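Going by my numbering, the letters in the sequence shown line up with residues 4 to 389, in that order. The beta carbon of each residue, even a glycine, is placed where N, CA and C say it ideally should be. All figures in this text were calculated on a predicted structure; none of them were measured in a lab.
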Amino acid sequence: MGLLFFSWDMESKQKHSSSEEDAWIILNGIPHLGPVTLRRLFDHFGPDPSTILSASERELTGVEGVGPKIARAIRAWDEHFDLEREKRSIAKHNARFIRQTDPDYPAPLLEIYDPPIGLYSLGEMCFRDPSVAIIGSRRTTLYGLRTAKEIAAGLARRGICIVSGLARGIDAAAHEGALEVGGRTIAVLGNGADIVYPPENLELFQQIRAEGTILSEFPFGYRANRQTFPMRNRIVAGMCQAILVVETDISGGSLITARFAGEQGRQVMAIPGRIDQSTSAGCHQLIRDGATLVTSADEILEELRVGELPLGDAQPQRSETSSADLSDLTPDETTIMETLQGGEILHPDQIANATSLPSSTVNSTLLLLELRRFVRKRGDGRFETR
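See below:
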C-alpha cells in the first residue's frame with residue numbers, strides 16, 4: 004500500500020510540474036530556497052527547472068548548499084506552495100511572471116551575483132529603458148523631498164526610467180516626480196505584488212501600476228520582513244545603470260543599497276546636504292568613500308553620457324580637452340593628464356605608481372583637475388578624462 008501511495012504521489016507531482024513555466028513559479032515560491040542556492044541547482048541540473056523538481060533527495064543534497072531540509076522541501080513542494088492559487092492570483096491581478104530566461108527579464112540583473120530566477124510584474128514593462136535608482140531616507144526633510152522629486156522629473160523628461168522601492172520619503176518623492184512629467188517609473192517591492200506597503204502609498208501604488216511597473220520577486224500574499232527589504236534593495240541597485248542617494252543617515256538602509264550598487268559595478272552618486280543635518284551624513288560618507296557628487300539631473304546625465312539636453316537648455320559641451328585648455332596646466336597636472344590619455348581609467352594609487360608623484364600630490368591635483376572639469380571621478384573612485 005505504501006508503495007502504491009508513493010507512486011501516485013510522484014505521478015501527481017510530475018503532473019503538477021509538467022509545465023516548464025509552472026516549474027519556474029514553484030521553485031521561486033518554495034520557502035527558504037534563495038537565489039544563490041537556486042543558481043547552484045541550475046548549474047548542476049541544467050536549464051530545465053522540471054529536472055530539479057523531479058530529482059531525488061540524494062541528487063539534490065549532492066549540490067553545494069542543499070541540505071536535507073531544502074531537499075525535502077523541493078521534493079514535497081506542494082506541501083509548501085499552492086501552485087493553483089498562485090496561478091489564480093496571477094490571472095486575477097493581470098500579472099506576468101517573468102522567468103530569468105525570458106527576453107523581457109531586466110538584462111542588468113543577470114550581471115549580479117544573485118539575480119532572482121523570476122519576477123512578478125504588474126503594469127507596463129519598461130525594462131529596456133536606461134534607468135537610474137533614486138533612494139534615500141524614510142525620515143527626510145523638505146529639502147530632500149523637493150530634490151528627489153525635481154531630479155526624478157528632470158531625468159524622466161529625458162527618457163530615463165526612475166527605479167525605487169515605494170517606501171515613505173525619498174522613494175515616494177522619486178516615483179511622484181517621474182509620474183508628474185509623464186515619465187516611466189518602476190516600484191520594486193519587498194513583499195508580494197498584491198500588498199501595498201506602506202499602506203499610505205496606496206494611491207501612488209495604483210498610479211504606478213497604471214502608468215509604470217510594479218515589480219516583486221515574492222509570491223502573492225508574501226508579507227515583508229527584515230530579510231525581504233535587503234533582497235528588494237539588491238534588485239533596485241542591480242537593474243539600474245546608476246544609483247542616486249538623496250538623503251540618508253549613517254545607519255540608513257540606503258547605504259547598504261549603495262554598497263550593493265558599488266559591488267555590482269554600478270555608478271554611485273550622492274546629493275550633498277547641510278553638515279548639521281543627520282539625514283545628509285550618509286550622503287557625505289558616500290562622497291568621501293568615492294561616490295560622485297551631483298546636484299542636478301543634467302550632471303547625472305553627463306556622468307552617464309546618455310540623453311540630450313532639451314531645446315532651450317542646451318549648452319556647449321566640451322567633447323574633449325583641447326591643447327589650448329592644456330596650456331594652462333601645471334607640470335603635475337600635465338603629468339596626470341598624460342597618464343589618463345587614451346581612455347585610461349585609474350585609481351589615484353595607480354596614478355601615483357605610474358607617475359612617481361606622492362599620493363598627497365596626486366589627490367590634491369586630481370581635485371583641482373576635477374573642479375576645472377578636466378577629469379571626472381567615477382563611482383568606484385577611479386578617474387578618467389572628460
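Would you give the residue range spanned by the beta strand (DSSP E) that residue i belongs to?
i	result
Tyr123	121 to 126
Thr216	216 to 219
Ile189	188 to 191
Ile246	245 to 248
Val271	270 to 273
Arg379	378 to 380
Considering Cα atoms alone, identify which of the options is closest to residue i.
i	options	result
Ala136	Leu296, Thr338, Val248	Val248
Ala181	Gly193, Pro50, Asn236, Ala156	Ala156
Ala196	Arg99, Pro361, Gly147, Ser134	Arg99
Pro133	Tyr123, Val166, Leu125, Leu86	Val166
Thr144	Arg389, Gln280, Gln270, Gly215	Gln280
Gly37	Val271, Arg235, Leu289, Thr282	Arg235
Val271	Ile55, Trp27, Ile138, Gly32	Ile138
Glu24	Leu56, Leu296, Asp46	Leu56
Thr295	Gly70, Lys380, Ser283	Lys380
Asp46	Ser363, Gly68, Ile33, Arg61	Gly68
Leu304	Arg161, Ala151, Arg226, Leu349	Arg161
Glu250	Gly186, Arg141, Val184	Arg141
Asn97	Gln267, Ile217, Ala355, Thr298	Ile217
Asn31	Glu60, Lys90, Gly70	Lys90
Arg262	Thr231, Ile93, Arg237	Arg237
Glu373	Ser363, Glu387, Leu349	Glu387
Within 10 angstroms of the Cβ of residue i, are there 16 or more other Cβ atoms? Answer buried if so, exposed if not.
i	result
Val39	exposed
Ala213	exposed
Gly345	exposed
His178	buried
Pro351	buried
Pro2	It is not possible to answer for residue 2, since the shown part of the chain is limited to 4 through 389.
Pro118	buried
Glu87	exposed
Thr333	exposed
Arg269	buried
Ser359	exposed
Glu392	The question about residue 392 has no answer, for the chain in this structure spans 4 to 389.
Asp105	exposed
Ser325	Caution is warranted here: a pLDDT of 39 is assigned to Ser325, below 50, making its placement in the model unreliable, and the coordinate value is therefore given only provisionally. Exposed is the call here.
Leu369	buried
Arg308	exposed
Lys152	buried
Ala175	buried
Ala159	buried
Pro52	buried
Pro313	Bear in mind that a pLDDT of 38 at Pro313, under 50, signals an unreliable position, so the number given afterwards is only what the model happens to contain. With fewer than 16 other Cβ atoms within 10 Å, it is exposed.
Against chain B, with Cβ distances strictly below 9 Å, would residue i count as a contact?
i	result
Ile259	Reference to chain B is not applicable here, since this structure consists of a single protein chain.
Just curious, the alpha helix (DSSP H) that residue i is in, first and last residue?
i	result
Ile253	Per DSSP, Ile253 belongs to no alpha helix (DSSP H) and is neither H nor E.
Thr388	Premise fails: Thr388 lies in the beta strand (DSSP E), 386 to 388, not in any alpha helix (DSSP H).
Arg42	38 to 48
Arg395	Summary: the structure shown does not reach residue 395, with the chain confined to residues 4 through 389, and so no result is reported for it.
Val365	362 to 374
Arg61	60 to 64
Gln344	Per DSSP, Gln344 belongs to no alpha helix (DSSP H) and is neither H nor E.
Ile115	Ile115 -> no alpha helix (DSSP H), and no H or E assigned at all.
Asp25	23 to 32
Asn356	351 to 358
Ser53	52 to 56
Ala196	No alpha helix (DSSP H) holds Ala196; DSSP gives it neither H nor E.
Gly276	Careful: Gly276 lies outside any alpha helix (DSSP H) and carries neither H nor E.
Leu307	300 to 307
Ala411	Nothing in the structure corresponds to residue 411, since the chain is present only between 4 and 389.
Whether or not the stretch 66 to 77 and the stretch 111 to 118 are in contact is what I'm after, with contact meaning three or more pairs of Cβ atoms, one per stretch, closer than 8 Å; do they touch? No contact exists between the stretch 111 to 118 and the stretch 66 to 77.
Which runs of the beta strand (DSSP E) at least 3 residues long sit entirely within the stretch 122 to 171? Give them in chain order. Whole beta strand (DSSP E) segments, 3+ residues: 134 to 138, 164 to 167.
Can you find at least 3 beta carbon pairs, one from the stretch 186 to 204 and one from the stretch 101 to 108, that sit closer than 8 Å? Proximity of the stretch 186 to 204 to the stretch 101 to 108 falls short of the contact definition, fewer than three beta-carbon pairs being nearer than 8 Å.
Three or more beta-carbon pairs under 8 Å between the stretch 114 to 122 and the stretch 233 to 248, yes or no? A contact exists between the stretch 114 to 122 and the stretch 233 to 248.
Three or more C-beta pairs closer than 8 Å, one from the stretch 217 to 224 and one from the stretch 118 to 130: is that the case here? Yes, since at least three Cβ pairs between the stretch 217 to 224 and the stretch 118 to 130 fall closer than 8 Å, the two stretches touch.
Threshold first: 4 residues or longer. Then list the alpha helix (DSSP H) segments lying entirely within the stretch 66 to 99, N to C. Those alpha helix (DSSP H) runs which fall completely within the stretch 66 to 99 and span 4+ residues are 71 to 78, 86 to 95.
Only counting runs of 3 or more residues, tell me where the beta strand (DSSP E) segments fall wholly within the stretch 198 to 241, in order along the chain. Secondary structure remark: continuous beta strand (DSSP E) runs of at least 3 residues inside the stretch 198 to 241, in chain order: 216 to 219.
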